[in-house]
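Encoded as structure tokens, the structure appears first; notes follow it.
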Amino acid sequence: MFVLSIVLLIAAVVLFLVGRHQEVTGWKVGAALSGVAGLLAATFACVHVVSAYEVGVPVTFGKTGTPLTSGVHFKSPFTDVTSFSTRPVDLDLNGKDVVEVRSSQGGVLYADVTIKWAVVPAKAVELYRLAGSEEAVEQRLVLPDAREIIRNVFAKHTSEEGYASAREQIGSQIADLVKERLAPRGIDVTTVNLRNVRPSDKLQDQIDKKIQQEQATERATEAARTAKAEAERKRIEAEGIAAANKIIERSLSDKVLYNQCLEAYKEAAKANPVYAVPCGTDANGTPVIVDSGKR
Numbered sequence: 001m002f003v004l005s006i007v008l009l010i011a012a013v014v015l016f017l018v019g020r021h022q023e024v025t026g027w028k029v030g031a032a033l034s035g036v037a038g039l040l041a042a043t044f045a046c047v048h049v050v051s052a053y054e055v056g057v058p059v060t061f062g063k064t065g066t067p068l069t070s071g072v073h074f075k076s077p078f079t080d081v082t083s084f085s086t087r088p089v090d091l092d093l094n095g096k097d098v099v100e101v102r103s104s105q106g107g108v109l110y111a112d113v114t115i116k117w118a119v120v121p122a123k124a125v126e127l128y129r130l131a132g133s134e135e136a137v138e139q140r141l142v143l144p145d146a147r148e149i150i151r152n153v154f155a156k157h158t159s160e161e162g163y164a165s166a167r168e169q170i171g172s173q174i175a176d177l178v179k180e181r182l183a184p185r186g187i188d189v190t191t192v193n194l195r196n197v198r199p200s201d202k203l204q205d206q207i208d209k210k211i212q213q214e215q216a217t218e219r220a221t222e223a224a225r226t227a228k229a230e231a232e233r234k235r236i237e238a239e240g241i242a243a244a245n246k247i248i249e250r251s252l253s254d255k256v257l258y259n260q261c262l263e264a265y266k267e268a269a270k271a272n273p274v275y276a277v278p279c280g281t282d283a284n285g286t287p288v289i290v291d292s293g294k295r
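When we follow the UniProt record's numbering, the leftmost residue of the sequence shown carries the number 1, and every step to the right adds one.
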């Protein structure tokens, strides 16, 4: 704009001189218009408007100045102003930008992360020196630092912790470290959301095999426990039968058997004619009751 104003002013002077020598009104009018346009261009070159939710960094001959807040500012025509938006920006690390990490066991995981960050207006000059532009802030500072921290945190945990048991803890650690790393550089990180963690295909196969092995082990353990319980039940049952037989054996003396035979004889004699014969190896043996009504 400043160069244009110089050109217009030079054109105005030339037209004025030509018109003066030739005494042509048109040349003088053109000189006047060029002069006015040059002055307007020079004025605009010395004025810069910073939009709302932006901060400007003035640079004059390679030297940065004080950050410019939103509003109208007068500046040197040799000063360039680089604007930075102060609105929160979402950096989505998913899809083709998903972060590939490795656990402490070497398993490959894929982490989907969203980072919400914004430029701190008071530190816009430091950001300009580090990155140079608003687009470069994300590409040179937020993105590489976030990826590095995410990988380092996951490397301290096992695969199972990474995608299941410790996800909340890992997300909290990542958020704290990202904020701590970027805050001194003039980047305010408000939210770090660990949205999803999924294992690679190879790791998923290993997980499935491990689950199947654990289930098989549980079934074998349960079968062994059932067999042991059944064996214990049978042992206790056998011991009970053996103890009962010993009691019966001790209680079945000759006198008891003789008395039972007599009782049986009495019962049989009530319905049928019976007779008794001695039983045993001698005449004093236990009597045997014989029913004479049956041949």
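Don't be surprised by glycine CBs; every beta carbon is placed ideally from N, CA and C.
Rounded to whole angstroms, the Cβ separation of Val99 and Ala111 is 5 Å, and the two are in contact under 8 Å. Between Ala124 and Val50, the gap from beta carbon to beta carbon reaches 7 Å or more.
A direct Cα-to-Cα measurement between Glu148 and Ser83 gives close to 28 Å. Distances from the CA of Gly62 to each of Lys75, Arg129, Ala52 were compared; the closest alpha carbon is that of Arg129.
DSSP places Gly186 outside any alpha helix (DSSP H), giving it a letter other than H or E. Taken atom to atom, the span from the alpha-carbon of Leu68 to that of Arg185 is near 18 Å. Taking the Cα of Val72 as reference, the smallest distance to any Cα among Gln105, Ala244, His48 is reached at His48. Per DSSP, the beta bridge partners of Glu54 are Ser85. Cβ contact annotation for Thr86 (same chain, cutoff 7 Å, sequence separation greater than five): Tyr53, Glu54, Val55, Ala118, Val119, Pro121, in chain order. Of Val142, Gly162, Ser70, Leu127, the smallest CA-CA separation from Val108 is found for Gly162. In the three-state reduction of the DSSP assignment, Ala118 falls in the strand class. In the DSSP secondary-structure assignment, Val197 is bridged to Ala111. Rounded to whole angstroms, the gap between the alpha carbons of Asn245 and Ala238 is 10 Å. In this chain, the beta strand (DSSP E) harbouring Val72 covers 71–74. Spatial neighbours of His157 in its own chain (CB-CB distance under 7 Å, excluding positions within 5 residues in sequence) are listed in chain order as Ser103, Ser104, Ala166, Ile170.
Beta-bridge pairing by DSSP links Asp80 to Val59. Per the coordinates, the alpha-carbon of Asp92 lies some 14 Å from the alpha-carbon of Asp145. Residue range 143–154 is occupied by the alpha helix (DSSP H) that includes Arg147, with no beta strand (DSSP E) assigned at that position.
For Glu135, the enclosing alpha helix (DSSP H) starts and ends at 134–137. Straight through space, the alpha carbons of Asp188 and Phe154 are spaced by roughly 23 Å.
In the structure shown, Thr226 adopts helical secondary structure according to DSSP, grouped into three states.
Judged by their CB atoms, Thr114 and Asn196 are not nearer to each other than the 7 Å cut-off. Taken atom to atom, the span from the alpha-carbon of Ile247 to that of Ala229 is near 27 Å. For Arg102, DSSP records a beta bridge to Val108. Taking a C-beta distance under 7 Å as the contact criterion, Pro77 and Lys116 do not qualify as a contact pair.
Here the alpha carbon of Gln173 sits roughly 21 Å from the alpha carbon of Asp97. Excluding five sequence positions before and after Val178, the CB atoms of its chain that fall closer than 6 Å to its own CB belong to Ala146, Ile149, Val189, Val192, given in chain order. Straight across, the Cα-Cα distance linking Ala175 with Ala223 is about 48 Å.
Taken through DSSP and simplified to helix, strand or coil, Thr66 comes out as coil.
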